[in-house]
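Visitor: For the sequence shown, the positions run 0 to 154 when numbering that gives the first Met the number 0 is used. For every residue, glycine included, the Cβ atom is placed at its ideal position computed from N, Cα and C.
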Amino acid sequence: MVIRNAGIEDSRYLFEWRNDPNTRNASLNTGVIKWEDHEKWYLSVLKNPQVVIYIAEDKPEESSPRGMCRFNLSDETDSAEVSINLNPEHRGKGLAQSILHDAIEVFTQQHPQVLELTATIRAENLPSMKIFVSENFVPQRTHDGVVQLNLDLKG
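1. Helix, strand or coil for P87 per DSSP?
2. Roughly how many whole angstroms lie between the Cα atoms of Y12 and N86?
3. Count the other CB atoms within 10 Å of the CB of L27; is the residue buried (16 or more) or exposed (fewer)?
4. I need the DSSP call for P138, collapsed to helix, strand or coil.
5. Could you have a look at V81 and say whether DSSP puts it in helix, strand or coil?
6. By the DSSP assignment, the alpha helix (DSSP H) with D36 in it spans what residues?
7. Just to check my reading of the structure: L80 and T22 have Cβ atoms closer than 8 angstroms, yes? What is that Cβ distance to the nearest angstrom?
8. Classify L42 as buried or exposed, calling it buried when 16 or more other Cβ atoms lie within 10 Å of its own Cβ.
9. From the DSSP output, which residues share a beta bridge with F131?
10. Check R23 in the structure and name its three-state DSSP category.
11. Helix, strand or coil: which one does DSSP assign to D101?
12. Roughly how many angstroms lie between the CA atoms of D36 and N18, to the nearest whole one?
13. Tell me where the beta strand (DSSP E) around N4 begins and ends.
14. Since I believe I2 is in contact with D101 (beta carbons under 8 angstroms), could you give me their beta-carbon distance rounded to a whole number of angstroms?
15. Please report the straight-line C-alpha distance between K46 and W40, rounded to a whole angstrom.
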């Protein structure tokens, strides 16, 4: 698996994956995103040093990326929140954990100041819970059907 930084050419992929019905059902925000809103958001994110988006591909020349992993760095602490989304065409193939694992590895090499990763997942999203727990994220608290998980990178 190749993990690379997202570019402007990936905007359409992320838009389509985000609006996929299965993605929306598992997301904290279940609404449909309009293209204009996505485009504005995506262009601002690409310029924001506090947000890192990686694209996972089998090969650098792969025309259909497998998924993405996003890290939002916190302004006040040495932590980042991580989220993952797969290309709907590649779900159910056992790729999510390796994408998450490889993206975390790249991210921590590029951002050694980050000492903790967090993830916020709907409690009913058992596949995501399993993936994050398998990567040593520990559930910390549940509130309103949402679970906060942490991964300590210090040890």
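Guide: Working from what's here:
1. P87: helix per DSSP, three-state reduction.
2. Rounded to the nearest angstrom, the two C-alpha atoms are 8 angstroms apart.
3. Around the C-beta of L27, fewer than 16 other C-beta atoms lie within 10 Å, and the residue is accordingly described as exposed.
4. P138 falls in the strand class under three-state DSSP.
5. In the structure shown, the three-state DSSP call for V81 is strand.
6. Here the alpha helix (DSSP H) through D36 covers 34-46.
7. According to the sequence provided, residue 80 is Glu. The question's Leu does not apply to it. Contact doesn't hold; Cβ gap of about 17 angstroms is too wide.
8. Note on L42: under 16 other CB atoms within 10 angstroms of its CB, so exposed under the neighbour-count rule.
9. Residue pairing of F131 in beta bridges, as defined by DSSP: absent, with no partner found.
10. R23 sits in a helix when the DSSP states are folded into three classes.
11. The answer is helix: DSSP assigns D101 an H, G or I state.
12. So the alpha carbons of these two residues sit roughly 12 angstroms apart.
13. It spans 1-4 - the beta strand (DSSP E) in which N4 sits, taken as one unbroken run.
14. The pair is a contact, with the Cβ atoms about 5 angstroms apart (cut-off 8 angstroms).
15. Looking at the two C-alpha atoms, the distance is approximately 10 angstroms.
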